[in-house]
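Asker:
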Amino acid sequence: MSARPVDLTPYLNAVVATSDGERPRGALNAWGNSFPAEELPFGATLTVGGVPFRLPDREPGGYDSVEPLGQALEIPGAPRARGIALLCCGEMGEQNVAVRVISSGAAIELLATARGAMIPAGKPMGDEGFACSHLHYPGDYDLALALPAVWRFEHRWEDPREVARVELGANPLFHLLAVSLLDTEEP
Amino acid sequence: MNLLPPSPARTTTTFYSYAEKLVRERSPRTAALLLGMRWSFGLPAHDLERLAEYSLPLNPTPLDRALAQRGGLRIERHEGDGEVSLHDHLATGAPAIVAMNAYYFAFRPAYLRVHSSRTVRVSRQPGEERLRIHDSWGPAAEGTVTREELDRARFSDVPLDVNREPLFAGNPVDGVWFTVEADPLSIDDAAAWSRERLAWLYDEMAVPRADARGEYGIAALRKFRRWLENRLAEPPDTAASLAARRGASLLLRPELSSRLYLGVFLRNAAHLLGDGELQAEVERYRAGLGHLQGVMDVMTKTVRTRRPEYDDFIRIHFARACENEERLLGALARFAAD
């Protein structure tokens with residue numbers, strides 16, 4: 719599958735993953751949990767369900783993900799694509815956010831769904847998501863009882879369209895780690 | 440602008456969750472319905488931060504009496520082991536819903552790390568010394584404890600540390616426990632039974648009431664909305680703002696729980712009446728509860744992290760949650776008693 723990552727770097731505004739020693743920074747939920755950063759390939763590609771997602775670079779003390787608060791993600795070069803995929807998870811369970819894919823003045827409107835960020839240990843994920851081996855707690859410890867997970871959300875359309883911008887609605891409980899345009903053709 | 444709820448409504452307090460399970464053992468088809476015969480909105484006269492995870496929603500007719508009158512559900516709340524001892528009750532083989540501090544349970548992630556209070560289901564099997572604990576709080580776990588270990592968790596100060604437990608700490612547990620029982624529901628005239636209860640629910644929400652415990656109904660909801668908007672307009676990082684956010688989140692939790700079960704009752708009532716118009720309104724109401732879920736969850740998030748956009752989200756979705764209640768009030772007006 720040809721897929722083009724959308725660079726989320728300018729839009730990063732939240733912390734869902736922490737390294738050992740910085741666990742109190744975690745904000746995957748109000749209880750300060752977080753993904754173990756060493757298990758998510760920040761700055762590289764994570765393939766989920768056959769879709770390659772490029773996670774943003776992660777700087778110590780910096781942000782690593784996007785909470786949709788009405789941002790517009792600009793897509794340089796407006797590549798032609800037949801779909802969009804999000805790597806995401808929902809705080810406190812399943813979460814939805816409105817997404818508008820802007821193409822030459824027209825818009826594709828969709829409701830993206832992120833499944834819950836926590837799964838019980840041992841629950842099979844299939845190819846829909848990716849789970850880490852343990853969960854970080856703000857008290858600087860980790861446990862492997864509930865595991866943090868990210869999920870693939872995908873939406874496709876029939877004819878290729880030039881995608882110039884992706885507009886996000888507002889839901890602070892929706893955590894976005896990567897975006898890929900699908901079946902892309904460079905202009 | 441997206442007008443849809445950010446997520447489906449789903450959260451119930453641990454008390455409601457166990458109450459449903461206990462009632463289901465005796466009355467499997469009607470458990471959720473029996474818990475749903477309450478509407479209103481209760482705004483306590485006391486400081487909202489005094490509410491616990493397992494607090495019952497405040498009601499003009501106290502919830503236990505209201506649910507007993509309307510569906511025969513029997514909820515008994517005990518404080519400590521005065522009139523009836525929890526351990527004497529457990530010795531009969533019957534389960535109980537018991538408030539505790541998870542800090543003292545060795546099979547919980549919070550063990551000796553996080554003070555956090557909620558309820559668990561406790562039972563004792565014949566011939567067994569240790570007590571069986573079922574804790575459905577994620578990650579769900581079961582374990583056994585001694586009587587002394589349970590009592591230590593039942594009578595605990597639960598000191599507040601918002602970085603580790605933003606909501607369910609800061610109030611002592613003080614040995615609160617509950618029993619919940621119900622008999623199978625027997626209805627002669629389903630339509631008349633439904634109409635009577637719809638009239639009661641309409642009255643409970645439409646008529647403003649107040650007593651020493653607090654204020655009730657749609658007027659109390661409107662007052663709470665004004666209070667919340669004023670608190671959100673204040674500087675967000677003060678102790679007063681933090682207290683307001685914690686209190687609002689604690690207040691909304693039992694109110695949402697009650698409404699999830701109310702939705703089940705209303706759906707059944709519409710079916711028993713064969714009332715398609717009511718059925719459509721009820722489904723709209725149930726979907727609209729997602730706004731309240733989002734408000735509650737984002738409000739909790741702001742205890743730890745505050746941003747102007749979070750408060751905008753709370754304002755917008757709480758306005759929609761209130762519209763949802765007002766719309767249902769209008770839909771039920773035709774069931775008002777003469």
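Quick mapping for you: the protein sequence lines, in order, are chains L and R.
Numbering-wise (this note's numbering), the first sequence opens with residue 719 and increments by one.
Numbering-wise (this note's numbering), the second sequence opens with residue 440 and increments by one.
Beta carbons are placed, not taken as given, at the ideal position from N, Cα and C, and that holds for glycine.
The structure presented is a predicted model; accordingly, all values stated were derived computationally and were not measured.
(1) Would you mind listing the alpha helix (DSSP H) stretches within the segment 744-776 of chain R that are 4+ residues and don't spill past its ends, in chain order?
(2) Are the beta-carbon atoms of Tyr415/R and Gly475/R separated by less than 7 Å?
(3) Measuring CA to CA, which of Asp845/L, Val724/L, Leu900/L and Leu791/L is closest to Gly761/L?
(4) Go ahead and label Ser456/R buried or exposed: buried means 16 or more other beta carbons lie within 10 angstroms of its beta carbon, across all protein chains shown.
(5) Name, please, each residue of chain L whose Cβ falls closer than 8 Å to the Cβ of Tyr749/R.
(6) Chain R partners of Met810/L, CB-CB under 7 Å?
(7) Is the CB of Thr744/R under 7 Å away from at least one CB in chain L?
(8) Does Asn540/R have its Cβ less than 7 Å from a Cβ in chain L?
(9) In whole angstroms, what is the alpha-carbon distance linking Glu488/R and Gly609/R?
(10) Is the beta carbon of Pro496/R closer than 7 Å to that of Leu863/L?
(11) Would you call the segment 645-655 of chain R in contact with the segment 455-473 of chain R, where contact means no fewer than 3 C-beta pairs closer than 8 Å?
(12) Hey, would you say Asn540/R sits closer than 7 Å to Ala580/R, going by beta carbons?
(13) For chain L, is any of its Cβ atoms less than 7 Å away from the one on Thr583/R?
(14) Contact defined as beta carbons within less than 8 Å: I believe Leu865/L pairs with Ser783/L. What is the distance between those atoms, to the nearest angstrom?
(15) Using the beta-carbon of each residue, which ones in chain L are nearer than 9 Å to Thr452/R?
(16) Just to confirm, is the Cβ distance from Ala678/R to Leu482/R under 7 Å?
(17) Any idea what DSSP makes of Val462/R, helix, strand or coil?
(18) Is the distance from the Cβ of Cys806/L to the Cβ of Phe871/L below 7 Å?
(19) Where does Thr453/R land, buried or exposed, given buried means 16+ other C-beta within 10 angstroms?
(20) Any idea if Thr531/R is buried or exposed, counting beta-carbon neighbours within 10 angstroms, 16 or more meaning buried?
(21) Hey, how far is the Cα of Leu691/R from the Cα of Met644/R?
(22) Which residue comes first and which comes last in the beta strand (DSSP E) that contains Tyr493/R?
(23) Looking at Ala830/L: is its Cβ nearer than 7 Å to the Cβ of Ser898/L?
(24) Which runs of the alpha helix (DSSP H) fall wholly inside the segment 485-543 of chain R and span at least 4 residues, in chain order?
(25) Check Thr618/R in the structure and name its three-state DSSP category.
(26) Use the C-beta contact count for Arg424/R: other C-beta atoms within 10 angstroms, 16 or more gives buried, fewer gives exposed.
(27) How would you list, in chain order, the residues of chain L whose beta-carbon sits under 7 Å from the beta-carbon of Gly577/R?
(28) Where Leu758/L and Ser688/R are concerned, what is the direct C-alpha to C-alpha distance, given to the nearest angstrom?
(29) What residues from the segment 745-772 of chain L come within 8 Å of chain R, judged by C-beta to C-beta, listed N to C?
(30) Any C-beta of chain R within less than 8 Å: which residues of the segment 787-808 of chain L qualify?
(31) Would you identify the three-state DSSP class for His852/L, choosing helix, strand or coil?
(32) If contact means a Cβ-Cβ distance below 8 Å, which residues of the segment 836-861 of chain L contact chain C?
(33) Please tell me whether Gly754/R has its Cβ less than 7 Å away from any Cβ of chain L.
(34) Would you report the Cα separation of Phe774/R and Glu762/R, rounded to the nearest angstrom?
(35) Output yes if chain L places a C-beta closer than 7 Å to the C-beta of Asn602/R; else output no.
(36) Are the Cβ atoms of Arg706/R and Val742/R separated by less than 7 Å?
Answerer: Taking the coordinates as given:
(1) 747-771
(2) No statement about residue 415/R is possible, as the shown extent of chain R runs from 440 to 777 and does not include it.
(3) Val724/L
(4) buried
(5) Pro890
(6) Correct list: Asp736.
(7) yes
(8) no
(9) 8 Å
(10) No.
(11) No: the two stretches stay apart, fewer than three of their Cβ pairs being nearer than 8 Å.
(12) no
(13) No, Thr583/R does not count as interfacial toward chain L.
(14) Taking the Cβ atoms as the reference, Leu865/L lies roughly 17 Å from Ser783/L, outside the contact range of under 8 Å.
(15) Listed by position along chain L, the residues whose Cβ is nearer than 9 Å to that of Thr452/R form an empty set, because the closest Cβ is around 14 Å away.
(16) no
(17) Helix, per DSSP.
(18) Cβ distance < 7 Å, so Cys806/L and Phe871/L count as in contact.
(19) buried
(20) Per the 10 Å Cβ criterion, exposed.
(21) 16 Å
(22) Looking at the DSSP string, Tyr493/R is not in any beta strand (DSSP E), and its letter there is neither H nor E.
(23) no
(24) 502-510 and 525-530
(25) strand
(26) Residue 424/R cannot be examined here, being either before or after the span of chain R that is shown, 440 to 777.
(27) Met836 and Ala864
(28) 32 Å
(29) Ala745, Asn747, Ala748, Trp749 and Gly750
(30) Leu787, Gly788 and Gly808
(31) coil
(32) Among the protein chains of the structure shown, namely L and R, there is no chain C.
(33) Position check: residue 754/R holds Arg in this sequence, whereas Gly was assumed. For Arg754/R, the answer is no, since every Cβ of chain L falls outside 7 Å of its Cβ.
(34) 20 Å
(35) yes
(36) no
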